[in-house]
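> Quick note, the sequences are listed as chains A and B, same order. Last residue of the first sequence: number 295 in full-length UniProt numbering, and the count goes up by one each step with no gaps. Last residue of the second sequence: number 322 in full-length UniProt numbering, and the count goes up by one each step with no gaps. All C-beta atoms in this analysis are idealised placements derived from N, C-alpha and C, irrespective of residue type, glycine included.
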Amino acid sequence: MSLRRPPGEYRSPGSRLFDILNVALLLGLALVTVLPLLYVLAASFATESEIASRPFFLWPRRFITSTYEYIFETGTFVRALITTICVTAAGMVIQVLLTFTMAYPLAKRYLPGRALVLNLVIFTIVFSGGLIPTYLVVRDLGLLDTYWALILPLAINPFYLIIVKSFFQELPQTLEEAARIDGCSEFGVFWRIVLPLSKPIIATFSLFYAVAIWNDYMSPLLYIDDTRKWTLQVIVRQLTGADAENALSRLDSVLFPVEGMKFAVVVIATLPILFFYPFLQKHFAKGVLIGSVKE
Amino acid sequence: MATDLAPPEVKAVPAPVRRTRMSPRTALLRYRWLYLMVLPGLAYFLVFKYLPMRGLTIAFQDFVPFLGYEGSQWVGLKHFEELFTGPDFGRLLGNTLILAALTIVFAFPAPIVVALLLNELRLGVLKRAVQSLIYIPHFLSWTIVASLTYLLFSVDYGVIAGLVHGVVGGTRVDYVAQAEWFRPVIVLQTLWKSTGWGTIIYLAALAGVNADLYEAARIDGAGRWRQFWHVTLPAIRPTIVVMAILTSGHLLDNSFEQIWLMTNSLNRSVADVFDTYVYYVGITQGGYSYATAVGLFKGVAGVLLIFGCNWLAKRLGQRGLF
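Structure representation (structure tokens):
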């Protein structure tokens with residue numbers, strides 16, 4: 001893309017100056033994005049006194065891991081970590097299965113009733129029952145204080161459903177027809193032909209869904225009262241929010257490295273996302289763009 | 001590999017009948033697998049999206065959970081009257097609209113500007129590196145963003161608070177607690193979290209600009225600035241309009257998590273918006289009916305907004321969403 005325009009034209013001093021300022025500005029932007037994260041990472045390995053005395057650093061003077069050791073010995077935290085991992089994994093599988101099985105038939109233009117279902121889906125993007133009625137439904141189903149409440153109310157993202165449907169519509173139909181002639185049922189076609197062709201998009205939406213559950217704070221806030229069912233995001237909030245002091249007293253044990261813990265908990269809650277980010281990045285732009293092109 | 005499996009004559013096989021109307025029974029039988037596959041997802045939408053819409057009726061009732069949707073007493077528009085004449089409405093509307101206005105002024109143009117600047121970068125490696133870094137915050141939760149804010153802006157040891165104090169002097173300011181700093185902090189958070197991600201759609205539009213247009217402009221003697229003004233900018237205008245409509249439809253939807261996480265007892269007067277108010281009144285105080293009425297008012301206003309903006313876009317000669 002950079003070769004689109006010949007370089008010769010940018011010789012003028014004004015143009016040069018703009019280029020320099022532009023590079024500086026964008027580098028500054030990238031730094032502003034990353035530096036807070038790097039500081040938090042460094043501070044999570046620093047001692048309490050260093051956090052209190054040094055305003056900003058990217059490498060601790062004394063490198064300690066005792067904060068993490070302390071955290072991983074705290075029952076509440078370990079339980080929340082395991083809970084979050086399990087809920088995220090289970091939720092991701094359920095969401096992806098539901099989204100893809102529903103999107104496939106909706107991609108078949110000849111299916112009677114398809115338009116009706118699609119309109120039902122699209123309407124929920126524009127209008128929803130809102131927080132309280134949804135809460136009451138979840139309560140009436142007996143899902144309060146269960147892990148299901150963190151998964152089922154968000155089981156299908158209508159935007160993702162529409163994007164996956166568009167993707168299925170683009171797939172070459174000849175393969176599916178061949179399989180049908182060979183006596184494959186529609187579900188067989190879906191399972192043996194279509195899904196293997198969809199691996200990249202399955203990967204993309206698995207990660208999108210996983211990130212959404214991992215990051216979800218509203219669902220546990222609404223539906224979970226039992227502190228033993230807390231997720232990581234709740235712990236992060238309890239430790240670093242405005243009411244931190246109050247919450248610290250509710251944890252299992254007496255806590256010592258209070259400031260360091262705040263940083264370390266943020267790191268632990270962020271790290272899995274940053275770990276998957278490089279894999280995610282390869283696909284996500286594509287995912288976003290399929291959605292925007294197929295308006 | 002896979003395509004080799006399909007013999008050429010397969011193409012001659014007619015696709016399943018499309019035009020002829022079949023009776024529902026034939027359709028059900030013929031496409032039973034497809035319908036079966038729609039079923040779980042459809043059940044989700046009916047239970048978790050449409051059942052709550054039925055529950056909206058409690059906005060017109062004095063809902064008592066024990067009596068249920070049928071048994072609770074109907075009270076007409078009582079809760080709406082209470083909302084519109086009550087002391088909270090002006091504050092909620094004001095806070096919501098001010099945050100919406102700040103979003104339009106700062107958060108909406110920011111990705112456009114950054115995308116245009118990125119588009120002018122000639123070093124491909126640098127462009128990709130900057131992109132990779134500025135997308136990251138989109139994937140972090142609001143809890144993390146709020147925590148970062150507390151850690152960086154806190155009075156005691158927050159880096160940024162300390163930095164500002166060092167430059168400006170005076171008494172130390174508690175940016176996360178004081179009401180007058182609530183809105184600037186929210187805007188900063190939004191900018192930090194979503195500017196980078198927002199560039200994707202504009203960068204895609206910019207990548208689609210026909211190179212011949214630049215060529216032609218150059219031949220006509222257009223310099224860099226004129227090429228930008230007459231080729232680049234018109235090329236992304238439709239994208240800007242679509243994004244504007246989408247954004248405006250969600251103007252009343254303040255990010256619940258973001259605001260909730262930054263609210264404290266000191267800044268409630270500026271922090272309370274419809275979304276957090278619904279939670280506060282409905283869930284923590286148990287005023288289900290009143291809170292539902294507030295939510296319903298906001299939902300209907302949101303629908304009107306999105307249709308209104310779409311209409312406006314069409315009147316201004318742009319292609320709308322629908």
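Take the Cβ of Asn210(B) as the centre, count every other Cβ of all protein chains shown within 10 Å, and call the residue buried at 16 or more, exposed below.
exposed
> Taking contact to mean at least 3 C-beta pairs separated by less than 8 angstroms, is the segment 279-294 of chain B in contact with the segment 54-65 of chain B?
Counting Cβ pairs under 8 angstroms, three or more are found: they touch.
> Assuming the contact rule is C-beta atoms closer than 8 angstroms, Gly299(B) and Phe159(A) should be a hit. Round their C-beta distance to whole Å, please.
The pair is not a contact, with the Cβ atoms about 18 angstroms apart (cut-off 8 angstroms).
> Alpha carbon to alpha carbon, how far is Phe18(A) from Leu116(B)?
Distance from the CA of Phe18(A) to the CA of Leu116(B), rounded to the nearest whole angstrom, comes to 13 angstroms.
> Considering only residues of the same chain and omitting the five flanking positions on each side of Leu191(B), which have a CB-CB separation below 7 angstroms?
Phe106, Ala107, Ala110
> Run the CB neighbour count on Val194(A), radius 10 Å, all protein chains shown included, and call it buried at 16 or more, exposed below.
buried
> Is Gln285(B) helix, strand or coil when you go by DSSP?
coil
> Touch check for the segment 195-215 of chain A and the segment 86-102 of chain A: three-plus C-beta pairs under 8 angstroms?
yes
> DSSP three-state label for Gln73(B), please.
In the three-state scheme derived from DSSP, where H, G and I count as helix and E and B as strand, Gln73(B) is classed as strand.
> Just the C-alpha distance for Ala244(B) and Arg315(B), rounded to the nearest angstrom, thanks.
Taking the straight line joining both Cα atoms gives about 15 angstroms.
> For the alpha helix (DSSP H) that contains Trp192(B), what are its first and last residues?
182-207
> Quick one: is Tyr135(B) near chain A, going by C-beta distance under 8 angstroms?
yes
> Note down, in chain order, each residue of its chain lying with its Cβ closer than 6 angstroms to the Cβ of Gln95(A), except the 5 sequence neighbours on either side.
Ala155, Tyr209
> Can you grab the Cα-Cα spacing for the pair Phe63(A) / Thr47(A), in whole Å?
8 angstroms
> Any residues in the segment 110-138 of chain A with a beta carbon nearer than 7 angstroms to a beta carbon of chain B? Which ones, in chain order?
Tyr110, Leu111, Pro112, Val117, Leu120, Val121, Thr124, Val126, Phe127, Ser128, Gly129, Gly130, Leu131, Ile132, Pro133, Thr134, Tyr135, Leu136, Val137
> Residues of the segment 52-74 of chain A with a CB closer than 7 angstroms to any CB of chain B: list them in chain order, please.
Ala52, Pro55, Phe56
> Have a look at the DSSP bridge pairing and note the partners of Gln61(B).
Trp74(B)
> Would you list, in chain order, the members of the segment 264-291 of chain B that have their beta-carbon closer than 7 angstroms to a beta-carbon of chain A?
Asn264, Val278, Tyr279, Gly282, Ile283, Tyr288, Ala291
> Report the rounded CA-to-CA distance for Ala100(B) versus Leu35(A), giving the unit in angstroms.
28 angstroms
> Specify the secondary structure class of Ser253(A) as computed by DSSP and reduced to three states.
In this prediction, Ser253(A) has a pLDDT of 45, which is less than 50 and means its spatial position is unreliable; what the coordinates show is noted afterwards. Coil.
> Based on Cα-Cα distance, which residue from Ser194(B), Val241(B), Ile306(B) lies nearest to Leu29(A)?
Comparing C-alpha distances from Leu29(A) to each of Ser194(B), Val241(B), Ile306(B) shows the shortest one belongs to Ser194(B).
> When the Cα atoms are used, what is the spatial distance from Tyr31(B) to Asn215(A)?
39 angstroms
> Beta carbon of Thr199(B), beta carbon of Val114(B): below 8 angstroms?
yes
> Are there 16 or more other CB atoms within 10 angstroms of the CB of Leu152(B), so buried, or fewer, so exposed?
Result: buried.
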